[in-house]
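The next block holds one structure in the form of structure tokens; read it before the comments.
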Amino acid sequence: MQAEILLTLKLRQHLFADPRRIELLKQIRATGSITQGAKLAGVSYKSAWDAINAMNTLAEQSLVERATGSKGSGGTLTRYSERLFQLYDLLGQIQQKAFDVLQDDTLPLDSLLAAISRFSLQTSARNQFFGTIVSRSCQAVQQQVTVALAYGHTRLHVALTEKSSCATLC
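Add 9 to a position in the sequence shown, counting from 1, and you land on the number used in the numbering used here.
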């Protein structure tokens with residue numbers, strides 16, 4: 010289910026980025042002009058400049074470098090802005106996937122790992138179980154591990170070599 014999730018980022022308890030500001034920055038990137046970018050984003054030049062000033066002040070690095078004295082109020086986005094776009098898009102995807110977890114009744118929501126593991130690249134759906142290690146005993150050649158699977162109703166007993174158990178459990 011596609012949810013409309015609006016992502017807002019705050020820095021020092023002040024608005025840093027939201028869909029409107031991201032759209033403004035993208036329009037400035039497309040036009041090379043704060044004036045034209047503001048117009049295409051549907052905001053006044055003053056509102057655009059106030060937003061840019063606020064973002065530049067809040068961020069550790071500038072997002073927009075204003076070309077002073079140029080006709081049409083030129084503005085160039087910095088590398089930091091480009092990275093902000095990437096991060097904002099990623100966070101939006103994560104929010105959507107997190108909402109999708111709600112639809113899958115088999116995934117427990119009390120475990121962040123179980124919820125987000127669904128987002129990662131999976132090379133194989135086989136041999137993947139989500140659970141909690143409830144016991145582990147070390148023997149000479151192998152380790153015995155007991156894992157309580159989702160909701161604790163099923164227990165999985167596993168024998169691992171010492172080398173593989175250190176790679177996954179240590």
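Positions of the beta carbon are idealized from the N, C-alpha and C atoms, including for glycine.
What are the complete beta strand (DSSP E) segments, minimum 3 residues, inside the segment 11-93? 18-20, 23-26, 73-76, 83-86
Buried/exposed call for valine 150, threshold 16 Cβ in 10 Å: By the 10 Å Cβ count, valine 150 comes out exposed.
Where glycine 84 falls, given that 16 or more other Cβ within 10 Å makes a residue buried: buried
Which residue marks the beginning of the beta strand (DSSP E) containing threonine 141, and which one marks its end? 140-147
Taking the beta carbon of glycine 161 as the centre, do at least 16 other beta carbons fall within 10 Å, making it buried, or is it exposed? exposed
By the 10 Å Cβ neighbour count, where 16 or more other Cβ atoms means buried, how is valine 143 classified, buried or exposed? exposed
Considering only their Cβ atoms, is the gap separating leucine 34 from serine 86 smaller than 9 Å? It should be pointed out that residue 86 corresponds to leucine in this sequence rather than to serine. Yes. Within cutoff.
Selected residue, minimal CA-CA separation from serine 42, among Ile61, Gln148, Gln70: Ile61
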